[in-house]
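Residue numbers for the sequence shown follow our numbering, so the first one is 6 and each next one is one higher. Even for Gly, the Cβ is constructed at its ideal location relative to N, Cα and C. Data first, discussion second: the structure below is written as structure tokens.
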Amino acid sequence: MERGSTGLRRLCREVAKFGAVGGAGVLVNLGVFNLVRQVTDLPVVRASVIATVVAIVFNYVGFRYFTYRDRDKSRRTREMSLFLLFSAVGLVIENGVLYTATYGFGWDSPLQSNLFKFLGIGVATLFRFWSYRSWVFRALPVREPAVGPVAGGGPRGTAPRQRVP
């Protein structure tokens, strides 16, 4: 039971950290999206792709140095390549929702664009959480405790027997 509750606590802590970085990334994404929409004449989906790319860079730094700072860092090139691959898939998911709403249904007011941008971010976030934790920021293998003589006279690597009343 202890082992399971420790694992659940660790997962909850990971989800909270992922959410904190992701929440800040959503603000960056929506902020850049609306800024680009206001100061340029770019179509809605192109503005969204630019915002998503900026958020991807922001999120990588947050995930690597905050959420997953204790994870394996030995293969940084592989990590970054997989992060970019899965982020690109997330970009397609996120902007596919916005594209469908805008060009498929004609929902392109600023409010509708922000709503469907936010919805796309949510759907893509589920994919990103799974892929980043499963493939990109891999957990380090669990270290076994060192085996050596145990105080109390038990055989090497084992605890002495305790008498149960």
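Segment contact, 8 Å Cβ cut-off, at least three pairs: the segment 111-120 with the segment 63-76: no
Enumerate in chain order the residues of its own chain whose CB-to-CB distance from Y73 is below 7 Å, with the five nearest sequence positions on each side excluded. F142
Quick check: the segment 74-84 against the segment 32-46, are there 3 or more CB pairs under 8 Å? no
For W135, which three-state DSSP category applies? helix
State the Cα-Cα distance for the pair E7 and G125, rounded to the nearest angstrom. Because the pLDDT at E7 is just 48, under 50, the model does not fix this residue reliably, and the point stays unresolved.
Near N100, which residues of its chain fall below 7 Å by C-beta distance, leaving aside the five closest residues on each side in sequence? So the qualifying residues of the chain are V50, S53, V54, T57, G125.
What span of residues does the alpha helix (DSSP H) with R51 cover, start to end? Per DSSP, the unbroken alpha helix (DSSP H) holding R51 starts and ends at 49-67.
Can you tell which of L120, V94, Y70 has its C-alpha closest to the C-alpha of L131? It is V94.
What does the Cβ neighbour count give for A21, buried or exposed, with the cut at 16 atoms within 10 Å? exposed
Please name the residue in W135, V102, R133, G109 whose C-alpha comes closest to that of N119. Closest by alpha carbon: V102.
Suppose contacts are defined by Cβ-Cβ distances below 9 Å. Is T107 in contact with F123 by that definition? no
Indicate whether R133 and G36 have their beta-carbon atoms separated by less than 9 Å. No; because the gap between Cβ atoms is not below 9 Å, this pair is not in contact.
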